[in-house]
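One structure is given here, and the rest of the page talks about it.
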Ligand SMILES: [Cu+2]
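Numbering (our numbering), first residue to last: 3 to 741.
Here it is in structure tokens:
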């Protein structure tokens, strides 16, 4: 078929590394970096190198040059920016937060890349490390960083931060704390949250969680930061910034990870594919959900329909908004599991907002799955690159190549409209003059933010149309975006399109901000940076300890296996949300045990015998097949009796008849080794617990009840009978016979 209908891919060509991270710079070139210096190395130690070799690719010459220096943190140490988050600041520098020490353990470093000098510069350190954080540029030109994990248990850094603190503050280079969402009944956000700015200036978090959340940073009346008081150590009160609110809408396709969300027009968001579906063959979805934030006075609701679904379900893919407002998806895998390279999707699809339908584009020649990128270039083509660079695939799947997609609009014949002149900088709410080619009739003008993309997540992508322009001959009078909520300050591509939808080559234009970029730390500040700044709010780990102490009762332990290969820690946000949605559960400890892949919950009713079938169903209702519930361990108190050679537990409040007890075996072990995909070995003490209890019962004086607290795995037979596989027990003195 003709390229006019289905576009065209260039031949693959080589970059200087695997483009896991890529950003379109204000100079029209592309900054990119991978995981390590030699992506073809088979030495696993190289996966954790502690430096970054970044490159700048020039679309004109198709060549890459290294950056002039390598990034460092405020303490002067080199930093690996693999797994960082990044977004452009108003001055065109790229703010980069976090990175990689080990899988799960991000550094607390932050830096900027300055395209004018091709150099990295350190900025003040973050509160804790961040591996897989998201960064979003706010309407006031500051940057918000959320999530990312800080240790090898993948504990999420749940305290977001904003940089710089305040343009007028004494130490403008400092980060400030944003309210921990857990303090306002919010979630533990999963890694790389999907976020956008709404037309009225709020932050909206649309995924991967099903539930949508708002963050208000500024008071709309005063335009000052909202200060939320936080009680520290039960006594003094300090203020942190921002207020979280449940948006009152959830995506109907529920928890969907490793997929993109796109703001494809003012206040219009689409959340595309991802996650896994619930059926016998869990595969990523082809569903696409839409949220329109433009209707004032109503609570926006997600919608979806079979008519607007992609042809192919996929995850680990990219979505790129094109100058005509269409959205291109490229790459990904359609197989079950985290990143099934045996079922890659090479077909590209293009979504048209006018019809709501997807059209098949030509297929790319190579896999673009986990750790791939795609971004829009000023010439209207899309750069698709990368993939690989994690434990698992061989060097042949660590892809240093790239391909360029020319959308159908570049194959319509005739000439493209041209921008002859345009200002390099404009101001909010003011018209600006653009000169186009003498025969160009302009139908639309689009304003596309420069991409900054990694892990299916383009943190800096948005498109709006500059509507209401006037053309007189070759002269256009174009209204600038009315305010910074619609287009945060910084650099954008201006495209003019003719009636056929053919775009010009873009001009990159800056829209001014009232805020200047803050300077980096002074030498004196740098010396203090070895210790991260103290946090006002507790870490996730501290939260967990407090909740367990407050409860003062044994938790129910839930064995959960995530589909993601790194374990429960990095996939915890979705599980936490889903466990909170289970009817029987009152409280979920916000920290899981990464080592044994278990979570801790507290039921509404004491002595509850959870029905695991119900719990599994209710879990899947929120997170689809993203986690498997392996089993449940409970702790019950009661009287042990022996009938027919078997022990029973009686007298617990929730049971009408005694519960069968049984010996603990490896089959009933909940603790799970995710790497070995097997239960952890059980100890002799655990294996002998039932026997010891039985002996105790035999040795008791005639008629004396044995009061015990029993902990073990609960199993439900097909007939609906419960058994408890005794892992440990403790004698209770009260009311019974003390052994
Ligand atoms: Cu990664």
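Backbone N, C-alpha and C fix where the C-beta goes; we use that ideal spot for every residue, glycine too.
Source: prediction; values computed, not measured.
Item, Value
"Around the C-beta of residue 297, are 16 or more other C-beta atoms found within 10 angstroms, so that it is buried, or is it exposed?", "exposed"
"Enumerated in chain order, which unbroken segments of the beta strand (DSSP E) with a length of 3 residues or greater are wholly contained in the region 409-451?", "421-423, 433-438 and 444-451"
"With C-beta atoms as the reference, is residue 371 less than 9 angstroms away from residue 346?", "yes"
"If you draw a straight line from the alpha carbon of residue 332 to that of residue 228, how long is it in whole angstroms?", "40 angstroms"
"Consult DSSP for residue 728 and reduce its assignment to one of helix, strand or coil.", "strand"
"Mind checking whether residue 634 and residue 561 have CB atoms under 9 angstroms apart?", "yes"
"Determine which residues share a DSSP beta bridge with residue 335 and list them.", "317 and 346"
"Pick out every residue whose C-beta is nearer than 6 angstroms to a heavy atom of ligand 1: which are they, in chain order?", "85, 373 and 457"
"How would you write the range of the beta strand (DSSP E) that residue 196 sits in, first residue to last?", "196-199"
"Alpha carbon to alpha carbon, how far is residue 213 from residue 470? Give it in angstroms, no decimals.", "36 angstroms"
"Please state if the CB of residue 462 and the CB of residue 102 are separated by a distance shorter than 9 angstroms.", "no"
"What separation, rounded to the nearest whole angstrom, lies between the Cα atoms of residue 273 and residue 226?", "31 angstroms"
"Take residue 385 as the anchor and find which of 6, 12, 318 and 85 has the nearest alpha-carbon.", "12"
"Flag this pair as yes or no: are the beta carbons of residue 137 and residue 126 separated by less than 9 angstroms?", "no"
"Excluding five sequence neighbours on each side, which residues of the same chain lie with their C-beta closer than 7 angstroms to the C-beta of residue 283?", "338"
"Just mark residue 181 as buried or exposed, buried being the case when its beta carbon has 16 or more other beta carbons within 10 Å.", "buried"
"How about residue 587 and residue 568: do their beta carbons lie closer than 9 angstroms?", "no"
"Could you please give me the residues that DSSP links to residue 474 through a beta bridge?", "477"
"How about residue 691 and residue 728: are their beta carbons less than 9 angstroms apart?", "yes"
"Does the region 283-295 come close enough to the region 254-272 to have 3 or more Cβ pairs within less than 8 angstroms?", "yes"
"Buried or exposed: where does residue 71 fall if 16 or more other Cβ atoms within 10 Å of its Cβ makes it buried?", "exposed"
"Taking the continuous beta strand (DSSP E) assigned at residue 115, which residues delimit it?", "112-116"
"At which residues does the alpha helix (DSSP H) containing residue 625 begin and terminate?", "614-625"
"Using the three-state DSSP reduction, which class does residue 60 fall into: helix, strand or coil?", "strand"
"Would you give the residue range spanned by the alpha helix (DSSP H) that residue 687 belongs to?", "686-689"
"With a Cβ-Cβ cutoff of 9 angstroms, do residue 194 and residue 624 count as a contact?", "no"
"Run through DSSP, which three-state label would residue 108 get?", "coil"
"Out of curiosity, what's the CA-to-CA distance linking residue 693 and residue 711?", "15 angstroms"
"Going by CA-CA distance only, name the one from 592, 493, 713 and 111 that's closest to residue 743.", "Since the first residue shown for the chain is 3 and the last is 741, residue 743 is missing from the structure and cannot be characterised."
"Check the C-beta distance from residue 380 over to residue 511 and give it rounded, since I have them as a contact under 8 angstroms.", "The Cβ separation is near 11 angstroms, so there is no contact."
"For residue 44, which of 394, 468 and 361 has the nearest alpha-carbon?", "394"
"Please confirm whether residue 42 and residue 61 have their CB atoms less than 9 angstroms apart.", "no"
"Identify, in the order they occur along the chain, each residue of the same chain with its Cβ nearer than 8 angstroms to the Cβ of residue 304, setting aside the five sequence neighbours on each side.", "214, 251, 252, 253, 254, 273, 291, 292 and 293"
"Short check: CB of residue 155 to CB of residue 132, under 9 angstroms?", "no"
"Apart from the five residues just before and just after residue 732, which ones in its own chain have a Cβ nearer than 6 angstroms to its Cβ?", "711"
"To the nearest whole angstrom, what separates the beta carbons of residue 86 and residue 99, a pair I think is in contact under 8 angstroms?", "6 angstroms"
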